[in-house]
Structures are given as structure tokens and as C-alpha cells.
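*Asks:* One structure, pasted below without further comment.
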Amino acid sequence: MDFHEDALQHQFGAWGVLGINLRAPDIGAVLAPQEGLYCRQLRFGDEHQTRLIGGLLGGMSVSHLNEPIRRQSVRKILGAVVAPEIRIVSMTVTEKGYCHAPSTGILQEGHPDIVHDIEHPRYPLSVPGFVLEVIQMRLELGQVPPTFISCDNVPANGNTLKNCVLKLAEQVCPNLVPRIANEVIFLSTMVDRIVPATREQDISEFQSWAGVSDAALVVGEPYRMWVIEDDKRAQLPAWHEVGALITNNVHDYELVKMRAVNGMQTALAHLGHLSNFKYMSDVLDNETFREFGRTLIMEEVLPNLPQVSGIEPEDYVNETVNRLVNTAIGHRTAQISTDGSQKIRHRLLDPLYDAFKVGIPRDGLTIVVAAWLTHMFKLGGDADQKEISDPFLSVAIKVRAESENNLSYFIDELLKERTVFPKWVNEVPDLVSEFKAIAAQIWDQKIDKILREYLNTHQR
Ligand code: CS2
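Numbered per the working numbering, the sequence shown spans residues 1 to 460.
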């Protein structure tokens, strides 16, 4: 919303925003008493900068009270989105929201929400199901569908969404497939700002400072970057006038951000969570962890990243470290570790494979994947934990039970899961045995020792 507010300030136009939540919380109920207004607060150290966001015209949410009410709320939302004045549907869905296999990017047709949406396309549960229904309704009315803009951490997110929607359309409305493929605009974007889930503590601090309570408060860091795929057919607000970059090179920006920023976050979040650090700033406060994160990205990831204009690689990594140090935003290691199975391919596994192929060090990446496997072993043994959710957790719980607490067996079995792990994981020489050896040490609480040894052999 920040870029959008800037764009409205720069060039006011008919570009209001309707917020829609397909899952909790009920954005309409939260925003109604505040007349659609909320604040976003950027924090770094002791500094903060607060802005009242005015471009949001209202909010709607799917109700999950029961199925008839859910269906009613879904149709109401679809009715609002299908109105011709809606020209853009931008979305930030989590990695799992695409219902695709992270290892291939292809829609999982057996996913329960997709099975549902094939049977009941008018009352969709999934994001691809919603998008398809909006497109169908617009085309039935003889109107141009809106432009879909994906704003999340799925690489080639626009294309991924398009492919998922097309795959679903093959089942639901095969006659529309060519029109969707040729006429509907799906834009990919790279978006970067750390915005942790708002805590009660943030709301009460804000209240003491501002004298008013804001139930919809958003707290984030000052840094921001938004890179949008250039498609001359799309009509967009003046985002490009206020710092958003429109380019036909969005993929390279995504790759750099995904592997350097998100890669470092995921690596340190899993290691940090296993070491009982609550916040990322606590992890970064520890010199061994911080230097491990920096060295890992500098030596094992940067050499395989493309050059993109405006980004100087080493400065970018140092800036990333400085962003993660930020103690003023409470980014929980558990939040980043959530849905790790959906994140590790692009953030850690692909960089590991690339490092292996060109023959540069990959031992740090091996450590962090081993940490993720150990993390899953730990979570798989604790069916009652609620801190971290992951669609893959049920598999981890099952395999952990079958393993009779044998970590090595657990790793062998987990690596067979092709929705998460590409085949090459079992083909890179020694990789699996390295995972097992490191995981055993991590399980013995030797993370600090492992990271120190790594740093000793990677003295810069
Ligand atoms: C984080 C991201 O929770 C996560 O997976 O890695 O939300 C991250 O903070 C943003 O992508 C930063 O732009």
C-alpha cells in the first residue's frame, strides 16, 4: 500500500483499493470501526515513521462459519471483484496458496482445495479457483478480465499463477483455455520489505505513542523495493513515478532477492529456531550466526547470481545483514520457519545445486538444509506444537513415527518426497550422507560448533 499511497499523492486518480482476505482475519470487521483507515509504521532502531493509509476503501473476507455461509460470502466477494471498475487484482498469497508442487511449480491436481474447486468452481476455496472464476465471470459478461499481479516470494509468480489457473481451467472450462492463455495479463513482481505479523505488543506501543488504538496496524522496516514485469497491455497507477521499477528483467531481480535476502532469512531462521532464538534480531546479534549468514551468501550464492542494474552484490548482502539486525521489528524465527517445505527449494536447494554444478563451496548450504531436515525431525516428534505450521508437517509426523526416532532413516525417507525435493538431491555425490552427519551433530546441539568450524575454513 505504501507505493500506492505515494502514487496517489503524486497523481491522484480513480485507484482505490478493496482489501480481500480469503482466510482469517476478517479484514472487513477489523477495518469497519476504523472507517477503512489504518497506520503503517516503519521502524529501525529508535526511529519510526508513521503514515495513515487512506487508499483502502474497504475490506471483505470469506467467512468460514459453515459451508452455506462460506458460499454466500464467496459469491459476494466474486460479485464485487467482477465489477468492471476493478482493473487490477493484486495478491500476496503465501507459497502454499498457489496449490502447486514447490519442486516443479505445477498445480497439484490432487490438492484437496483443487479437487473441491474442480467439483464446485462457482464456490472456490483456492486462489487459482478464485482467479479462474473471476476470469470466467468477466468473459461471460463480455468484459475484459482484470490484470492479475502477484506480489509474493514465489519465483516467476505471475507465470506460476497463470500456469496453475490454466491447469485448473483444463478441468473446469477447457473451451476458455486459449483465451486465458492469450488475453489475460498475469504480471510477475519482486517485492521486498520485511513486514512481520503484527504483535499485541506493537499495537499497545503504538497506542501509548499515538493515543489511539489501531487494530489493523502494520509494522515494517524502512527498506522497500518493488520490481514489476513490463507488459505494455497493462494499465497501472503511477507506481513507476514513485520508485517501483518496471522492467522486462523481473526474473533476475527475483532470483537475487530470493537467494540473498530470503535465503539468508531462511538459513538463519531454522538454525536460530533450533538454537532457541525467538527473533531474527536475536540471531543476528550473535556474531557467529551473523557472520555465517553473510559468508554463506557471499561465497556460495552470489557467484551464481545474475548482475542486475542498480544492485551491487556485496553491498546488497551487507545491507541485507543490516536489515536483519533491526531490533525494532519483531520478526520471529518461527514465522520464517513456517511453511519451510514450500520455501527451501528456491531459497536453499536450487542455490546448492548451482554451487555444486559450477564447483564452488556448498558446505554452508548443506548445513542449512541439514538444519531444516533436523527441524522437521524435531517438529515431527511433537504433534502438539502449534508454533510452526507447514503443509508438509503431517508427512514429517508420519515418517518420524515410522523411523522409531532414527534421524538417519527419517532423512532417507523425507528426501524421497518429490513434491519438496528434486531428484538430484539423491544424485549429488555424498550429499545425503553429509546431511545425515551434520543433522546428527545439530541434534546433539552443536550448531554453534558447526558454524564456528565453517567460519574457520572460510576465512575471508
Ligand atoms: C520471510 C519473508 O516469512 C518469510 O518467509 O522470509 O516474508 C520476507 O521477510 C520478505 O520476503 C522480505 O521481503
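By construction, the Cβ of each residue, glycine as well, lies at the ideal position given by its N, Cα and C atoms.
Count the CB pairs spanning the region 297 to 315 and the region 236 to 244 that are closer than 8 Å, and state whether there are at least three.
*Replies:* No contact exists between the region 297 to 315 and the region 236 to 244.
*Asks:* Please classify K449: is it buried, with 16 or more other beta-carbons within 10 angstroms of its beta-carbon, or exposed?
*Replies:* Counting Cβ neighbours within 10 Å, K449 comes out exposed, since fewer than 16 surround it.
*Asks:* Grab the span of the beta strand (DSSP E) containing R51 for me, first residue to last.
*Replies:* 47 to 53 is the span of the beta strand (DSSP E), which, as asked, contains R51.
*Asks:* Under the criterion of a Cβ to heavy atom distance below 8 Å, does I388 qualify as lining ligand 2?
*Replies:* Inclusion of ligand 2 in the displayed structure is not the case, the ligand content consisting of ligand 1 alone.
*Asks:* Quick check: the Cα distance between G380 and Q72, rounded to an integer number of angstroms?
*Replies:* Approximately 37 Å, taken between the alpha carbons.
*Asks:* Heavy atom of ligand 1 less than 8 Å from the Cβ of I203, yes or no?
*Replies:* No, Cβ of I203 sits at least 8 Å from all heavy atoms of ligand 1.
*Asks:* So the candidates are H251, M376, T50; which of them puts its Cα closest to the Cα of W209?
*Replies:* It is T50 whose Cα lies nearest to the Cα of W209.
*Asks:* Which residue wins for smallest C-alpha separation from Y253, given the options H273, V227, S275?
*Replies:* Closest by alpha carbon: V227.
*Asks:* Within the same chain, show all residues whose beta-carbon is closer than 7 Å to that of V74, passing over the 5 residues directly before and after it, in chain order.
*Replies:* If we look at V74 and ignore the five residues flanking it on each side, its Cβ neighbours are V62, Y123, P124.
*Asks:* Just curious, the alpha helix (DSSP H) that W239 is in, first and last residue?
*Replies:* Premise fails: W239 is in no alpha helix (DSSP H) and is neither H nor E.
*Asks:* Which one or two residues does DSSP pair with W226 in a beta bridge?
*Replies:* Answer is V191.
*Asks:* What residue does the beta strand (DSSP E) around C39 start on, and which one ends it?
*Replies:* Segment 38 to 44, the beta strand (DSSP E) holding C39.
*Asks:* Quick one: what's M91 bridged to in DSSP?
*Replies:* Per DSSP, S150.
*Asks:* Between the beta-carbon of D152 and the beta-carbon of V191, is there less than 9 Å?
*Replies:* Cβ distance < 9 Å, so D152 and V191 count as in contact.
*Asks:* Under 8 Å by Cβ, that's how I've got Y279 and D363 pegged, so tell me the actual separation to the nearest angstrom.
*Replies:* With a Cβ gap of about 27 Å, Y279 and D363 do not count as contacting.
*Asks:* Quick check: is any heavy atom of ligand 1 less than 8 Å from the C-beta of H375?
*Replies:* The answer is no for H375.
*Asks:* Could you tell me the boundaries of the beta strand (DSSP E) in which L57 lies?
*Replies:* That run of the beta strand (DSSP E) goes 56 to 61.
*Asks:* Excluding sequence positions up to five away, which residues of its chain have a Cβ less than 6 Å from the Cβ of T374?
*Replies:* Excluding sequence neighbours, T374 sits near A439, I442, W443.
*Asks:* Between which residues of its own chain and W372 is the CB-CB distance below 6 Å, once the five residues before and five after are set aside?
*Replies:* Same-chain partners within the cutoff: H270, G340, I344.
*Asks:* Decide if the region 127 to 146 is in contact with the region 154 to 172; the criterion is three or more beta carbon pairs, one per stretch, under 8 Å apart.
*Replies:* Touching, yes, given that three or more Cβ pairs across the two stretches are closer than 8 Å.
*Asks:* Do you know how far the Cα of A437 is from the Cα of Y409?
*Replies:* Approximately 12 Å between the Cα atoms of the pair.
*Asks:* Which word fits I388, buried or exposed, when buried means at least 16 other C-beta atoms lie within 10 angstroms of its C-beta?
*Replies:* The residue is buried, with at least 16 neighbouring Cβ atoms inside 10 Å.
*Asks:* Check whether the region 197 to 209 and the region 170 to 180 are in contact - that is, three or more C-beta pairs closer than 8 Å.
*Replies:* Touching, no.
*Asks:* Does H458 come out as helix, strand or coil in the three-state DSSP assignment?
*Replies:* DSSP places H458 in coil when its eight states are reduced to three.
*Asks:* Suppose you measure from the CA of G55 to the CA of V321; what does that come to, to the nearest Å?
*Replies:* When rounded, the distance between both Cα atoms is 32 Å.
*Asks:* So the candidates are T333, P102, A101; which of them puts its Cα closest to the Cα of S275?
*Replies:* For the residues T333, P102, A101, the minimum Cα distance to S275 belongs to T333.
*Asks:* Which residues does DSSP list as the beta-bridge partners of V219?
*Replies:* Looking at the DSSP assignment, V219 forms a beta bridge with Q41.
*Asks:* With distance defined between alpha-carbon atoms, name the residue in A169, P145, L365, I360 nearest to N304.
*Replies:* The shortest C-alpha separation from N304 is found at I360.
*Asks:* Can you name the start and end residues of the beta strand (DSSP E) that V17 belongs to?
*Replies:* Per DSSP, V17 belongs to the beta strand (DSSP E) from 17 to 21.
*Asks:* Counting only the same chain and skipping the five closest in sequence on each side, list residues whose C-beta sits under 7 Å from that of H100.
*Replies:* Counting only Cβ-Cβ distances below 7 Å, and skipping sequence neighbours, we find I106, L107, Q108, T160, C164.
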